[in-house]
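Residue numbers (our numbering): 52 to 323.
Just so you know, even glycine gets a beta-carbon here, dropped at the ideal spot from N, CA and C.
Let me begin by presenting the structure, written as structure tokens, before commenting on it.
If you want it as structure tokens, here you go:
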């Protein structure tokens, strides 16, 4: 467990420079703190998970079998981008590329590992034996490519809109069919990832975000579970090396940023 967390910590730390330039690039901390404040059940589940990990962090999982995580990528695109591979309606190849990057990053087989940009944690890195694959069976038992495509009347989704008094607030709206997005697949069986066009009414750029574990256990909130990634940062593109999804799945698996996000650096860090 400890090696697993160390590896993911390194992955999250790799985005330190971007966070210093633009702290809104990943808004996972903001949405998580708001959810914890407004959802006491989530707060209790998070505390129980943290306690469990702390009590079992010294268990040696060296010989554990590989955990394969079925992924469904929900592409929510503009109606005008009907052709696959056009702007917000990203190509299948871009999605395959991202899955490959995830598997390389989480197995220490990415080309950068031999010569990392910083080697502070290199001696603690381990292979968590996690493998990602596009789902081959949908929730009804039918064959699937693991990719859904939804033409939405919304041209973009405002990541700064987190007012959940509105049932279609935009930072999570792409996760609801009724709001112009698409409903998730069972989050206890699949890793749902939404890929769409993210904007910011308050300025800056948001590349992605995710809630840490716990929402899957709350029936009324489980629809929120799963990372959101801007289409320009999913896979290798002119704007991205594909590490945004790696970063956000780190949050999805239970980690906050390894760097301070407040002026006083007094925020407690949840390293579950």
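1) DSSP three-state label for residue 157, please.
2) Would you kindly check if the distance between the Cβ of residue 93 and the Cβ of residue 305 is under 7 Å?
3) Does DSSP classify residue 282 as helix, strand or coil?
4) Let me check you understand the geometry: is the CB of residue 187 closer than 6 Å to at least one non-hydrogen atom of the ligand COA?
5) Rounded to whole angstroms, what is the Cα-Cα separation between residue 375 and residue 231?
6) Using the C-alpha atoms, what's the distance from residue 252 back to residue 237?
7) Distance check for residue 226 and residue 197, CA to CA, integer angstroms please.
8) Could you say which of 254, 302, 293 lies nearest to residue 212 if we only look at CA atoms?
9) Please classify residue 186: is it buried, with 16 or more other beta-carbons within 10 angstroms of its beta-carbon, or exposed?
10) Could you please give the first and the last residue of the uninterrupted beta strand (DSSP E) stretch that includes residue 203?
11) Mapping DSSP to helix, strand and coil, what is residue 73?
12) Going along the chain, which unbroken runs of the beta strand (DSSP E) with 3 or more residues stay wholly within the stretch 184-245?
13) Let's test the definition: count the other Cβ atoms within 10 Å of the Cβ of residue 106 and tell me whether it reaches 16, buried, or not, exposed.
14) From the DSSP output, in three-state form, read off residue 143 for me.
15) Which residue wins for smallest C-alpha separation from residue 183, given the options 192, 158, 274?
16) State the DSSP-derived secondary structure class of residue 249, mapped to helix, strand or coil.
17) With DSSP run on the structure shown, which of helix, strand or coil describes residue 316?
18) Pick helix, strand or coil for residue 307, following the three-state DSSP scheme.
19) Can you list, in chain order, the residues of its chain with a C-beta nearer than 7 Å to that of residue 220? Leave out the 5 residues immediately preceding and following it.
In short, the structure shows the following:
1) Position 106 of the chain shown, counted from the start, is the residue given in the question as residue 157. Residue state, collapsed to three classes: coil.
2) Counting from one through the chain shown, the residue named residue 305 turns up at place 254. Counting from one through the chain shown, the residue named residue 93 turns up at place 42. Annotated as distal: residue 305 and residue 93, with beta-carbon spacing of 7 Å or more.
3) For this step, residue 282 is matched to residue 231 along the chain shown. Residue 282 falls in the helix class under three-state DSSP.
4) Within the structure as shown, the ligand COA is missing, as the structure has no ligands at all.
5) Because residue 375 is not part of the residues shown, which for the chain are 52 to 323, the question remains open.
6) For the purposes of this step, residue 237 is taken as residue 186 along the chain shown, with counting starting at 1. For the purposes of this step, residue 252 is taken as residue 201 along the chain shown, with counting starting at 1. If I take the Cα positions, the gap works out to 31 Å.
7) In the chain shown, the residue the question calls residue 197 occupies position 146. In the chain shown, the residue the question calls residue 226 occupies position 175. For residue 197 and residue 226, the distance between alpha carbons rounds to 16 Å.
8) Translated into the one-based positions of the chain shown, residue 212 becomes position 161. Cα-wise, what sits closest to residue 212 is 254.
9) On the chain shown, position 135 is the one that residue 186 refers to. The residue is buried, with at least 16 neighbouring Cβ atoms inside 10 Å.
10) Start at 1 with the first residue of the chain shown, and residue 203 comes out as number 152. Taken as a continuous stretch (DSSP letters only), the beta strand (DSSP E) holding residue 203 covers 198-203.
11) Reading the chain shown from its first residue, position 22 is the one you call residue 73. Unreliable positioning characterises residue 73 in this predicted model, as indicated by a pLDDT of 49, which lies under 50. The coordinate reading is nonetheless provided below. In this structure, residue 73 counts as coil in the three-state DSSP scheme.
12) 198-203
13) Residue mapping note: residue 106 aligns to position 55 of the chain shown, counting from 1. With fewer than 16 other Cβ atoms within 10 Å, it is exposed.
14) Taking the first residue of the chain shown as 1, we reach residue 143 at position 92. In the structure shown, residue 143 sits in a helix (DSSP, three-state: H, G or I).
15) Translated into the one-based positions of the chain shown, residue 183 becomes position 132. Among 192, 158, 274, the Cα nearest to that of residue 183 belongs to 158.
16) Translated into positions along the chain shown, residue 249 becomes position 198. Note: residue 249 maps to strand in three-state DSSP.
17) On the chain shown, position 265 is the one that residue 316 refers to. Residue confidence for residue 316 is low, a pLDDT of 45 falling below 50, so the modelled location carries little weight; the figure read from the coordinates is stated next. Three-state result, residue 316: coil.
18) Working through the chain shown from its first residue, we reach residue 307 at position 256. Note: residue 307 maps to coil in three-state DSSP.
19) If you number the chain shown from 1, residue 220 lands on position 169. Within the same chain, residue 220 has close Cβ partners 212, 213, 214.
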